[in-house]
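**Student:** Let me give you the structure first, and then I'll get to my questions.
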Amino acid sequence: MKEQIIPALIALLSSSCCIIQLILNMFSISCAGFAIFTPYRGLLTSLTVLMLSYSIYKKGIRNGTVMISVLICMLLMMSPEIVKNRNEQKASIHTTTSYFIRLHLDGLGCEACANRIKNELNSVDWIFNTRVYFDNKTAIIETFEQEGWMNNDMVKLIQSIDSKYDAQVLDSWVLLL
Numbered sequence: 583m584k585e586q587i588i589p590a591l592i593a594l595l596s597s598s599c600c601i602i603q604l605i606l607n608m609f610s611i612s613c614a615g616f617a618i619f620t621p622y623r624g625l626l627t628s629l630t631v632l633m634l635s636y637s638i639y640k641k642g643i644r645n646g647t648v649m650i651s652v653l654i655c656m657l658l659m660m661s662p663e664i665v666k667n668r669n670e671q672k673a674s675i676h677t678t679t680s681y682f683i684r685l686h687l688d689g690l691g692c693e694a695c696a697n698r699i700k701n702e703l704n705s706v707d708w709i710f711n712t713r714v715y716f717d718n719k720t721a722i723i724e725t726f727e728q729e730g731w732m733n734n735d736m737v738k739l740i741q742s743i744d745s746k747y748d749a750q751v752l753d754s755w756v757l758l759l
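Using the numbering used here, you'd call the opening residue of the sequence shown number 583 and step up by one each time.
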């Protein structure tokens, strides 16, 4: 049993900036600083694969416990990519005029932080869609009406999510459909 728990714990560490932080975000708990493991993600992932390989060698791939362990570890190791894909996903196109604003974001520690900003902004009634890019620390926000982002200070909106976040407006544009 220990052969299956240790790889899962290491896989959890390799994706801790996503899985653990997403759980904390559900309870409105700010970033816990798990992004410190991100530079070691390759090492942790390699160690997980080696330990899973050893379990498969010792017990065989047809062993149910080993198979469940492999599936859990694979899901945990892929979770940062899943969250990144979700953060950058486009919403369906609508048939009205769209107003866009692009922000540079400060204070993002991981993909889960980007996910938190996206979810908070998407809950604002005048925001149609938000895409947050952790890699270059930007967000593209689409609104239904120009007054929404002109009358409501977008920077203050970002700062209201958590005091560690800050934003600068890079540019804005209109798409007429």
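Just so it is clear, CB atoms sit at the ideal spot from N, CA and C, and this is done for glycine as well.
What runs of the alpha helix (DSSP H), each 4 residues or longer, lie entirely inside the stretch 688 to 746?
**Tutor:** Correct list: 693 to 704, 728 to 733 and 736 to 743.
**Student:** Do methionine 736 and isoleucine 722 count as a contact pair if the criterion is CB distance below 8 Å?
**Tutor:** Along the sequence shown, read from residue 1 onward, the residue named residue 722 stands at position 140. Along the sequence shown, read from residue 1 onward, the residue named residue 736 stands at position 154. Contact flag unset, no.
**Student:** Skipping 5 residues on each side, what residues in its chain have a beta carbon closer than 6 Å to that of arginine 713?
**Tutor:** On the sequence shown, position 131 is the one that residue 713 refers to. Hits under 6 Å: Glu670 and Ile722.
**Student:** From the DSSP output, read off the bridge partner residues of valine 756.
**Tutor:** Counting from 1 along the sequence shown, the entry for residue 756 is found at position 174. Valine 756 is bridged to Tyr681.
**Student:** Buried or exposed: which applies to asparagine 697, given that a residue is buried once 16 or more other Cβ atoms fall within 10 Å of its Cβ?
**Tutor:** Reading the sequence shown from its first residue, position 115 is the one you call residue 697. Per the 10 Å Cβ criterion, buried.
**Student:** Based on DSSP bridge pairs, tell me the residues matched to glutamine 750.
**Tutor:** Position 168 of the sequence shown holds residue 750. The partner list for glutamine 750 (beta bridge, DSSP) reads His686.
**Student:** Kindly indicate which three-state DSSP category serine 651 falls into: helix, strand or coil?
**Tutor:** Position 69 of the sequence shown, counted from the start, is the residue given in the question as residue 651. In this structure, serine 651 counts as helix in the three-state DSSP scheme.
**Student:** Where leucine 653 and isoleucine 618 are concerned, what is the direct C-alpha to C-alpha distance, given to the nearest angstrom?
**Tutor:** Sequence index remark: in the sequence shown, residue 653 carries index 71 (1-based). Sequence index remark: in the sequence shown, residue 618 carries index 36 (1-based). About 25 Å.
**Student:** Which residue from Arg644, Met649 and Asn667 puts its Cα closest to that of aspartate 717?
**Tutor:** As a first step, residue 717 is located in the sequence shown; it is residue number 135 there, counting from the start. The residue with the shortest Cα to Cα distance from aspartate 717 is Asn667.
**Student:** Can you look up asparagine 667 in the DSSP assignment and give me helix, strand or coil?
**Tutor:** For the purposes of this step, residue 667 is identified with residue 85 of the sequence shown, where counting begins at 1. Looking at asparagine 667 - three-state DSSP - the assignment turns out to be helix.
**Student:** Shortest alpha-carbon distance to valine 665 belongs to which of Leu703, Ala749, Phe682 and Cys692?
**Tutor:** In the sequence shown, counting from the first residue as 1, residue 665 sits at position 83. It is Cys692 whose Cα lies nearest to the Cα of valine 665.
**Student:** With DSSP as the reference, label serine 597 as helix, strand or coil.
**Tutor:** To locate residue 597, count along the sequence shown from 1; it is residue 15. Three-state DSSP puts serine 597 in coil, outside helix and strand.
**Student:** Can you say whether leucine 752 is buried or exposed, counting buried as having 16 or more other CB atoms within 10 angstroms of its CB?
**Tutor:** Your numbering for residue 752 matches position 170 in the sequence shown. Looking at its Cβ environment, which holds fewer than 16 other Cβ atoms inside 10 Å, leucine 752 is exposed.
**Student:** From this set, Ser745, Asn701, Ile743 and Ser680, which residue's C-alpha is nearest tryptophan 755's C-alpha?
**Tutor:** Translated into the one-based positions of the sequence shown, residue 755 becomes position 173. The residue with the shortest Cα to Cα distance from tryptophan 755 is Ser680.
**Student:** Relative to the C-alpha of alanine 694, which residue among Ala590, Gln586, Ser597 and Ile588 is closest?
**Tutor:** Indexing the sequence shown from 1 puts residue 694 at position 112. With distances taken between Cα atoms, alanine 694 lies closest to Ser597.
**Student:** Evaluate glutamine 586 with the Cβ neighbour count: other Cβ atoms within 10 Å of its Cβ, from every protein chain shown; 16 or more gives buried, anything less gives exposed.
**Tutor:** Here residue 586 is taken as the residue at index 4 of the sequence shown, counted from 1. Buried, because 16 or more other Cβ atoms sit within 10 Å of the Cβ of glutamine 586.
**Student:** For methionine 633 versus isoleucine 592, is the C-beta spacing smaller than 8 Å?
**Tutor:** Numbered from 1 along the sequence shown, position 51 holds the residue referred to as residue 633. Numbered from 1 along the sequence shown, position 10 holds the residue referred to as residue 592. Yes, they are a contact pair.
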